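Peer 1: Just so we're aligned: the sequence shown equals residues 2 to 341 in my numbering.
All residues carry an ideal CB built from backbone N, CA and C; glycine is no exception.
As the structure is a computational prediction, the values presented were derived from the model and not from experiment.
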Amino acid sequence: MASTSTLPQVALLATGGTIAGVASTPLEQISYQAGVLPVERMLESLPGIDGVARIAGVQWGNLPSENITPKDWAVLGKKCAEILANPDFCGMALTHGTDTLEETAFYLDLVLPPGKPVVLTGAMRPATSLSADGPINIRDAVAVAACPAAYGRGVLLVMNGRILAARAAVKVSTLDVEAFRALESGCLGRVINGEPHFYHGNEHAPPLSGACAALTGQPELPRVDILYACAGMPEDLARHSLERAQGIVLAGMGNGSMPQRICRELRTGMTAGLPVVRTSRTGSGPVTPLEEYADFIPGGMLSAAKARVLLMLGLGTAQSDDAIFRLRHLRQLFAVGGKL
Ligand code: SIN
Numbered sequence: 002m003a004s005t006s007t008l009p010q011v012a013l014l015a016t017g018g019t020i021a022g023v024a025s026t027p028l029e030q031i032s033y034q035a036g037v038l039p040v041e042r043m044l045e046s047l048p049g050i051d052g053v054a055r056i057a058g059v060q061w062g063n064l065p066s067e068n069i070t071p072k073d074w075a076v077l078g079k080k081c082a083e084i085l086a087n088p089d090f091c092g093m094a095l096t097h098g099t100d101t102l103e104e105t106a107f108y109l110d111l112v113l114p115p116g117k118p119v120v121l122t123g124a125m126r127p128a129t130s131l132s133a134d135g136p137i138n139i140r141d142a143v144a145v146a147a148c149p150a151a152y153g154r155g156v157l158l159v160m161n162g163r164i165l166a167a168r169a170a171v172k173v174s175t176l177d178v179e180a181f182r183a184l185e186s187g188c189l190g191r192v193i194n195g196e197p198h199f200y201h202g203n204e205h206a207p208p209l210s211g212a213c214a215a216l217t218g219q220p221e222l223p224r225v226d227i228l229y230a231c232a233g234m235p236e237d238l239a240r241h242s243l244e245r246a247q248g249i250v251l252a253g254m255g256n257g258s259m260p261q262r263i264c265r266e267l268r269t270g271m272t273a274g275l276p277v278v279r280t281s282r283t284g285s286g287p288v289t290p291l292e293e294y295a296d297f298i299p300g301g302m303l304s305a306a307k308a309r310v311l312l313m314l315g316l317g318t319a320q321s322d323d324a325i326f327r328l329r330h331l332r333q334l335f336a337v338g339g340k341l
């Protein structure tokens, strides 16, 4: 084993979530308070972690992730950029609630250039639980953040031994410790007994990593609403969003389809220059261009939640008030960000 002083240094930024959660007894796994333990206490539950890397714990906040907002993403993105610019650190890991982890991870992927590893992790069981999954997830995330092979791969997510790209990872389970998957593209690698293994080299920079770096720390992003399509969906939901939002993501049926009445409403938005992105509520498979929806933007592989993040940042980077220019810019972003 390397002597402690020669080990790489990793920042561990704690934001809250179940991984820092506390329940009344070790047997309680479902009812607990998320975002309680400070980062030092989480590190105490990791004997031997100092053999993986030197760790500098940073307490960014302690929130259940359902309360994290785009303003928080901005503050977090700025903090990550500062840490990554510090030559003392070879990479960083973040602990985060799993409920909105995929949104924060994709936001960070879009605003942080793909250099030093940035690895998010979380837990499905509170820290006080029997067989808590947090400590091993932190150990694995730190190992990936300290691993030279993780360099240049964009923001990553490590849970239950799997390494996933932020763009592809989605939460697929309410309770299982195997809570995240990249359903179409699969995982990038695994952590086996604390050692990261990547299945492929990192010769291709991940699509769009750092593409919105100009907006790092920008607290006000345009409002983008998600509309969930369902049988008999009332049109006034669409009208409500058209009147208030600057962009709309439709979590459509199947391959991003929608009732005709909703289509007519949303088309008025597109015609007036308000972008509408088609995604799918199915949870897997791409949303492809279709002739009948040719004016809408297809979300490709992106989930509705991720498409919303890209649309918010895309509107922010459009740098033009001209609607045609803006829509062209957004179509290009989604063609790259949503591709298989
Ligand atoms: C949260 O997202 O903060 C609570 C749920 C979790 O971390 O699994």
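Is Thr105 near the ligand COA, in the sense that its beta carbon is under 7 Å from a heavy atom of that ligand?
Peer 2: Absence of the ligand COA is noted for the structure shown, with the ligand SIN being the only ligands found.
Peer 1: Leaving out five residues on either side along the sequence, give the residues of the same chain with a beta carbon under 6 Å from the beta carbon of Val120.
Peer 2: Ala94, Ala142, Val145, Ala146, Leu157 and Val159
Peer 1: For the candidate residues Val76, His241, Asn194 and His97, whose alpha-carbon lies nearest to that of Leu64?
Peer 2: His97
Peer 1: Would you please state the rounded distance, in angstroms, between the beta carbons of Thr280 and Gly257? I believe it to be under 8 Å.
Peer 2: 6 Å
Peer 1: Does the separation of the CB atoms of Gly116 and Ser66 fall below 8 Å?
Peer 2: no
Peer 1: Leaving out the 5 sequence neighbours to the left and right, which residues in its chain are closer than 7 Å to Thr70 when beta-carbon positions are compared?
Peer 2: Counting only Cβ-Cβ distances below 7 Å, and skipping sequence neighbours, we find nothing.
Peer 1: Rounding to the nearest angstrom, what Cα-Cα distance links Gly338 and Glu236 in this structure?
Peer 2: In this structure, the CA atom of Gly338 is about 29 Å from the CA atom of Glu236.
Peer 1: Could you check the C-alpha separation between Asp322 and Ala246 for me, to the nearest Å?
Peer 2: 16 Å
Peer 1: Restricting to Cα atoms, I'd like to know which of Gly62, Asn68 and Met43 is closest to Ile56.
Peer 2: Put simply, of Gly62, Asn68 and Met43 the residue whose alpha carbon is nearest the alpha carbon of Ile56 is Met43.
Peer 1: Any heavy atom of the ligand SIN closer than 7 Å to the CB of Asp134?
Peer 2: no
Peer 1: Based on DSSP bridge pairs, tell me the residues matched to Arg279.
Peer 2: Leu251 and Pro299
Peer 1: Just the C-alpha distance for Asp73 and Pro220, rounded to the nearest angstrom, thanks.
Peer 2: 8 Å
Peer 1: So Leu216 packs on Val112, CB below 8 Å; how close in whole Å?
Peer 2: 6 Å
Peer 1: Leaving out five residues before and five after Cys81 in sequence, what residues of the same chain have Cβ atoms less than 8 Å from its Cβ?
Peer 2: Hits under 8 Å: Leu14, Met93, Leu95, Leu109, Leu113 and Val119.
Peer 1: Taking the straight line between their C-alpha atoms, what separation do you get for Leu176 and Ala133?
Peer 2: 13 Å
Peer 1: Give the straight-line distance between the Cα atoms of Ala232 and Gly300, rounded to the nearest whole angstrom.
Peer 2: Looking at the two C-alpha atoms, the distance is approximately 21 Å.
Peer 1: Once you ignore the five residues that flank Met2 on each side, which residues in its own chain have a CB closer than 8 Å to its CB?
Peer 2: Residue placement at Met2 cannot be trusted, given a pLDDT of 49 that sits under 50; the coordinates are not used to answer.
Peer 1: Just to confirm my understanding: we take His198, look at its own chain, exclude 5 residues before and 5 after, and list those with CB closer than 6 Å. What are they?
Peer 2: Gly190 and Arg191
Peer 1: Should Ser66 be listed as close to the ligand SIN, given that the test is whether its C-beta is under 7 Å from any heavy atom?
Peer 2: yes
Peer 1: Alpha carbon to alpha carbon, how far is Thr26 from Ala214? Give it in angstroms, no decimals.
Peer 2: Per the coordinates, the alpha-carbon of Ala214 lies some 44 Å from the alpha-carbon of Thr26.
Peer 1: So what does DSSP say about Val37, is it helix, strand or coil?
Peer 2: coil
Peer 1: Taking Ser210 as the reference, give the member of Leu334, Glu45 and Ile50 with the closest Cα.
Peer 2: Leu334
Peer 1: Going by beta-carbon coordinates alone, are Trp307 and Phe181 separated by less than 8 Å?
Peer 2: Position check: residue 307 holds Lys in this sequence, whereas Trp was assumed. Their beta carbons are not under 8 Å apart, which means Lys307 does not touch Phe181 by this criterion.
Peer 1: Taking only three categories from DSSP, how would you classify Met313?
Peer 2: Here Met313 sits in helix by DSSP.
Peer 1: Throw me the rounded Cβ distance for the Arg224 and Ala252 pair, which I believe falls under 8 Å.
Peer 2: Not quite, the Cβ-Cβ distance comes to about 17 Å (not below 8 Å), so this is no contact.
Peer 1: Give me, in chain order, the residues of the same chain whose beta-carbon lies closer than 6 Å to that of Ala24; leave out the 5 immediate sequence neighbours on both sides.
Peer 2: Tyr33, Pro127 and Thr129
Peer 1: May I have the straight-line CA-CA distance separating Arg268 from Pro208, to the nearest angstrom?
Peer 2: 29 Å
Peer 1: Take Ala35 as the anchor and find which of Glu293, Thr99 and Ala12 has the nearest alpha-carbon.
Peer 2: When only C-alpha atoms are compared, the closest one is Thr99.
Peer 1: Tell me which residue opens and which closes the beta strand (DSSP E) that Val192 is part of.
Peer 2: Gly190 to Ile193
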